[in-house]
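Residue numbers (my numbering), protein chains in the order written: chain A, 26 to 381; chain B, 26 to 381.
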C-alpha cells in the first residue's frame, strides 16, 4: 500500500512534543514546527501551519497531551478546571471543521475519566497520549479503508478535479480525497489530476501539487475560476473533494469554492464526490445552513505573502468555507462505505453510529 | 456626467507617443509607460500594461500611427508592404479580443486608402492619427451611451457582482461593465459592488477596486471562488461583466472565470448581463466555440509577482478567457441598445450593422 513520503504530524516522545510539517512554507521550503506548549499547538492550528479537518483533530488531541504536561504541578497533579481550560483553548482555534470538536470530545471523556479515578499528572498524560495515538491510528486506517471504497468509483484513466488539499497533508497519513486518488493509482487506474489552486491560501497550488508530485501522480494546476471551463472543454471526468463538516442531510461544508465547483459539475453532468471519515459527520445539525462558517483576516485576500495585491483600504469578505447542498453531491465516501446523502441520513442510527 | 479621475491612454502629440497608465503596477504604484516605438506598443499589449478589449483596440490604433512614424523614410515615404507589416505585428499581440482586429481593420482601410492616393509619410501619419483619435472618441461615446442604457436595468440599491476589470482602465475613458455602474451611480442608484479578484493576474483586486475606490463607489473584494457562496447567502442581486468577443449567436468570450460566475448566477436565478460596444461582436463567427482562446505563460499561475506559489515543475493550464453560452446571458448591453442573445442575431443585418 502506498504510504506518503512525508510525515504531516509526528509525536516526538523524547521531546514530549508534536512536530508538524509547517504547511505555511510549502512548496518552496520544507520546514518543521515543533510544538512544545499548548499555545504553540493552538497557534499552529489557527495559522494553518497544520490544516485539513482530520489533521486538525489529530493535532488537537496531541495538544491536549501537551497542555496536560504543562499544567501538571510539581506535586504531579492537575485540576479538573485546568483540564477543561486546555480543551476550551483548543476548541476556540477554528470553528468549522467538526473533527476538531470530535477529537476533543474523545480526549475530554478519557481525561475526565482519568481524573475521576484519581490518576496523577503523569498517569493522566500517559492515558491521554495513548488516546491521541489511537486517534492518529484510527484516522490513518479510516482513510485507507475510505480510499479502497472510493477507488472502486474511479474509472481507469479518469481525469479528476480536486479543490483545496484533502491529502496526507490534511490527515494523519493517507488523505481523504487524495486517499481515494492514491488507492486508485495503487490499483493501476492511471488517473490524472487537475488541482484548483484554492485562493486565498493556495492549498491546491502549494500543497496538493507538492504532494502529488512526491507521489508521481500526474497533476495539472489551474486557477479556481478555470474549473468550469475545463469541464466545458471535456477535460474532467469527475470531482472529489474532502469535507470539514457534513450535516445530517448530507449538506457539506468544505473549503471556499467547493460549492462553485459542485454547481459546475452539476451543469456538466459530472459525478461530484465527497471523501471524508465518519468523524466529519455532525448528526446534531439537520442541515448545512447551521454549520458555522469561519471568516478570516481580509489581508489574506489583499496580500499574497508580503506582496500587496489590492488597495489597503478596500473592504474584503473572506469566508474560509462554503456549504454544498446535498442535491449536488453524488456520493459521500467514508471508511464505512459509500452513501448517497439520502442513505447517509437513513444510516444515522445504524451503520454510521459514531463513537464519541 | 461622471468622468474617470485618471487617464488610461493619452496621445502626447509633442512626443508623438502614446502614454499608458501602466496597469502592471497598480494598485500600489501609479506609473506611466510611454510608447515611442511600434515594438513598445506591441509589448505593452502583450504584457498587459494596457488591457481590456476596447483599450487594446484604441492602443493598437495609435500603435499604427507610431509604426508609420518609425517606418517613414528620410524621403518621407512608406511602402504598402511596410504598412502591412505594422498591422500584422499589432494583430499578433493577443488573439481573443476582437476589438483589436476591428480597430486594425479600420486603420488598415484608412491607411491603404491614403497610400493609394499617393500620400507622403507625413500626410499618411496625420490621416491615421485622425482615425485613431476618432476610434478613441467613438469608444468613449459608445461606452457612455451603453452606460445610460444599462443603468436602466439596475434597481436602486442593487448589489452587483463583476469579474475582471471592464472599467475606464479597460477602455478609452468610461468603461463597459463599470460604465453601467458609473451611470447607475450618477443616476443616484446607490449601488454596491462585489469585485472578483480574477486570478491569475488579479485585474479585479488590482484594477477594479482601485478604480471604484477612486470613484467612491462602495466595493468589496472577494476571491473568484467566493462568488457562488455570496449568491447563496443572498448578497448579490445581479452580475455585469464585459466581453472580449461575442459570436453571432450571443456566446461571449470574456476573462477566464466568467463562465463559472454565469453558471452560478443561473443556479441562483440572478440576471447576468454582458456590457460591450458593438465593436466586440464578431458576426463572422456563428458560435462561441470558434473564438480563439489565448493560453498564457504557466508562471502566471505558478508565481505571484516574484513570489513562487507552486512547485516549479508542476504542469499548468492557463487559458486567459472562457466562453459563456448565450443561454446563460440575460442581455447584452451595447451603445445601440439592449439585446437578448436571440435579438442580437436577429439585429445583425439592421440595427447592429457594424462599420468596418
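Yeah, the Cβ is synthetic: ideal placement off N, Cα and C, and Gly gets one too.
{"Query": "Would you please verify whether the beta carbon of residue 170 of chain B is less than 8 Å from any beta carbon of chain C?", "Result": "Any reference to chain C falls outside this structure, whose protein chains are A and B."}
{"Query": "Is the region 164-180 of chain A close to the region 296-313 of chain A, with three or more CB pairs under 8 Å?", "Result": "yes"}
{"Query": "Could you tell me whether the region 262-282 of chain B touches the region 231-247 of chain B, where touching means 3 or more Cβ pairs closer than 8 Å?", "Result": "no"}
{"Query": "Considering residue 219 of chain A, what are the terminal residues of the beta strand (DSSP E) in which it resides?", "Result": "217-221"}
{"Query": "Along chain A, which residues have their Cβ under 9 Å away from the Cβ of residue 249 of chain B?", "Result": "224, 248, 249, 250, 282 and 285"}
{"Query": "Roughly how far, in whole angstroms, is the beta-carbon of residue 326 of chain A from the beta-carbon of residue 278 of chain A, given that I think they are within contact range, below 8 Å?", "Result": "Not really, about 20 Å apart at Cβ, beyond 8 Å."}
{"Query": "Report the partner residues of residue 60 of chain A according to the DSSP bridge assignment.", "Result": "A:43"}
{"Query": "Between residue 85 of chain A and the rest of its own chain, which residues show a CB-CB distance below 6 Å, the 5 nearest in sequence each way excluded?", "Result": "115, 125, 128 and 129"}
{"Query": "Quick one: is residue 44 of chain B near chain A, going by C-beta distance under 8 Å?", "Result": "no"}
{"Query": "Evaluate residue 133 of chain A with the Cβ neighbour count: other Cβ atoms within 10 Å of its Cβ, from every protein chain shown; 16 or more gives buried, anything less gives exposed.", "Result": "buried"}
{"Query": "Can you give me the C-alpha to C-alpha distance between residue 30 of chain B and residue 353 of chain B, rounded to a whole angstrom?", "Result": "34 Å"}
{"Query": "In its own chain, which residues sit with a C-beta less than 6 Å from the C-beta of residue 225 of chain A, not counting the 5 before and 5 after it?", "Result": "325 and 326"}
{"Query": "Look at the alpha carbon of residue 215 of chain A and the alpha carbon of residue 242 of chain A, and state the distance between them as a whole number of angstroms.", "Result": "8 Å"}
{"Query": "Could you tell me the distance, in whole angstroms, from the CA atom of residue 41 of chain A to the CA atom of residue 91 of chain A?", "Result": "7 Å"}
{"Query": "Between the region 336-350 of chain B and chain A, which residues of the former have a C-beta closer than 7 Å to a C-beta of the latter?", "Result": "336, 338, 339, 340, 341, 342, 344 and 347"}
{"Query": "Provide the residue(s) that pair with residue 361 of chain B in DSSP beta bridges, ordered along the chain.", "Result": "DSSP lists no partner for residue 361 of chain B."}
{"Query": "Per DSSP, residue 348 of chain A is paired with what?", "Result": "A:278"}
{"Query": "Check whether the Cβ of residue 238 of chain B lies closer than 8 Å to any Cβ atom in chain A.", "Result": "yes"}
{"Query": "Are the region 46-56 of chain B and the region 65-85 of chain B touching by the rule of at least three beta carbon pairs closer than 8 Å?", "Result": "yes"}
{"Query": "Below 8 Å, how does it come out for the region 205-215 of chain A and the region 303-315 of chain B: are there three or more Cβ pairs, yes or no?", "Result": "no"}
{"Query": "Skipping 5 residues on each side, what residues in its chain have a beta carbon closer than 7 Å to that of residue 154 of chain A?", "Result": "90"}
{"Query": "Between residue 319 of chain A and residue 340 of chain A, is the Cβ-Cβ spacing less than 8 Å?", "Result": "no"}
{"Query": "Exposed or buried, which one is residue 26 of chain B when buried takes at least 16 other CB atoms within 10 Å?", "Result": "Residue confidence for residue 26 of chain B is low, a pLDDT of 39 falling below 50, so the modelled location carries little weight and cannot support an answer."}
{"Query": "Within the 8 Å Cβ cut-off, does residue 272 of chain B reach chain A?", "Result": "no"}
{"Query": "For residue 328 of chain A, which option in B:38, B:162 and B:227 has the closest C-alpha, if you only look at C-alpha atoms?", "Result": "B:227"}
{"Query": "In the DSSP assignment, what residue or residues form a beta bridge with residue 150 of chain A?", "Result": "In the DSSP output, where bridge partners are listed per residue, residue 150 of chain A has none listed."}
{"Query": "So which residues of chain B does residue 292 of chain A contact, with C-beta pairs closer than 7 Å?", "Result": "288"}
{"Query": "Since residue 254 of chain B meets chain A, which of its residues come closer than 7 Å, beta carbon to beta carbon?", "Result": "281, 284, 344 and 347"}
{"Query": "Are residue 93 of chain B and residue 146 of chain B closer than 8 Å when you measure CB to CB?", "Result": "yes"}
{"Query": "Please check if any C-beta of chain B sits within less than 8 Å of the C-beta of residue 231 of chain A.", "Result": "yes"}
{"Query": "Taking 7 Å as the cut-off, is the C-beta of residue 364 of chain A nearer than that to any heavy atom in the ligand GTP?", "Result": "In terms of ligand content, the structure shown is empty, and the ligand GTP therefore cannot be addressed."}
{"Query": "Using 10 angstroms around the beta-carbon of residue 377 of chain A, count the other beta-carbons present and answer buried if the total reaches 16, otherwise exposed.", "Result": "buried"}
{"Query": "Count Cβ pairs between the region 102-116 of chain A and the region 136-143 of chain A that sit closer than 8 Å; are there 3 or more?", "Result": "yes"}
{"Query": "Using a Cβ cut-off of 8 Å, pull out every chain B residue sitting near residue 257 of chain A, in sequence order please.", "Result": "284, 347 and 348"}
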